[in-house]
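Asker:
What follows is the structure, encoded as structure tokens:
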């Protein structure tokens with residue numbers, strides 16, 4: 003079940019927003035649950051009652067240390083100024099990014115990512131108790147994402163797995179960065195881009211973080227592209243594929259790419 007993200011004016015640069023969110027988190031603990039005993043409907047991390055970043059998980063789940071969450075996950079919301087209590091329930095005063103987890107069951111990667119997230123707002127993972135822990139970006143790579151942009155200019159990002167990136171209106175940038183999760187991934191997965199506009203006033207494919215000398219020029223990428231029905235498929239070999247839905251290869255120009 004992919005994680006579905008509907009970007010807002012505040013989170014239209016997905017990773018840029020999350021970087022700002024982390025910088026203003028200021029919290030390093032285990033979070034709080036509502037209701038206080040299993041099963042829970044909410045988990046919140048952040049300084050409740052303080053104007054700072056916070057994150058709110060909703061669903062129907064239980065928690066047991068050290069195993070983590072079990073049950074179903076509905077949404078993971080990022081925003082500001084958590085309010086409430088274990089008895090009354092928690093809320094965010096402002097929600098900038100809502101991620102639909104689709105009722106998925108928590109995985110080991112998710113449990114590790116939540117621990118890292120509540121301890122300093124870490125998104126990329128690290129070493130805890132001598133063990134390597136995944137971050138939220140690793141979890142996105144595991145399950146894949148659907149990212150829906152706004153009507154303005156957005157920056158949408160490929161993670162390690164299969165992503166469906168829909169920029170919508172505006173001049174959007176689709177970023178393919180193998181180092182997004184903090185370590186160089188072997189592949190970007192097999193990604194699809196919808197709503198891509200080719201040509202001089204169109205959108206952008208950013209390959210500057212691909213870290214491959216085989217695909218660091220327009221000529222190389224164009225040669226690796228083929229028309230498959232109505233779509234253009236950019237075949238990056240072992241690094242994965244990018245399918246530009248309903249885009250003619252002949253409409254692409256060098257200005258549509260960033261290296």
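Residue numbers (our numbering): 3 to 261.
Each residue gets a CB set at the ideal place from its N, CA and C atoms; glycine is no exception.
Everything numeric in this text was worked out from a predicted model, so none of it was measured.
1) According to DSSP, is residue 3 helix, strand or coil?
2) From this set, 207, 87, 17, 216, which residue's C-alpha is nearest residue 244's C-alpha?
3) For residue 106, report the span of its alpha helix (DSSP H) as first-last.
4) Expressed to the nearest angstrom, what Euclidean distance is found between the alpha-carbon atoms of residue 88 and residue 50?
5) Excluding the five sequence neighbours on either side, which residues of its own chain have a C-beta within less than 8 Å of the C-beta of residue 18, listed in chain order?
6) Please identify the residue among 150, 60, 65, 67 whose C-alpha is closest to the C-alpha of residue 80.
7) According to DSSP, is residue 140 helix, strand or coil?
8) What does the Cβ neighbour count give for residue 230, buried or exposed, with the cut at 16 atoms within 10 Å?
9) Quick check on residue 95: buried or exposed, where buried means 16 or more other Cβ atoms within 10 Å of its Cβ?
10) Flag this pair as touching only if the region 107 to 121 and the region 68 to 77 have three or more C-beta atom pairs under 8 Å; answer yes or no.
11) Beta carbon of residue 195, beta carbon of residue 4: below 8 Å?
12) What are the boundary residues of the alpha helix (DSSP H) that residue 24 is part of?
13) Out of curiosity, what's the CA-to-CA distance linking residue 248 and residue 259?
14) Pick from 166, 139, 162, 140: whose alpha carbon is nearest that of residue 151?
15) Is the shortest distance between the beta-carbon of residue 78 and the beta-carbons of chain B less than 8 Å?
16) Using DSSP with H/G/I as helix, E/B as strand and the rest coil, what is residue 222?
17) Quick check: the region 129 to 138 against the region 42 to 49, are there 3 or more CB pairs under 8 Å?
Answerer: Judging by the given coordinates:
1) coil
2) 207
3) From DSSP, residue 106 is part of no alpha helix (DSSP H) but of the beta strand (DSSP E) over 91 to 106.
4) 11 Å
5) 157
6) 60
7) helix
8) exposed
9) exposed
10) yes
11) no
12) 16 to 25
13) 17 Å
14) 166
15) As a matter of chain content, chain B is missing from the structure shown, which is built from one protein chain.
16) helix
17) no
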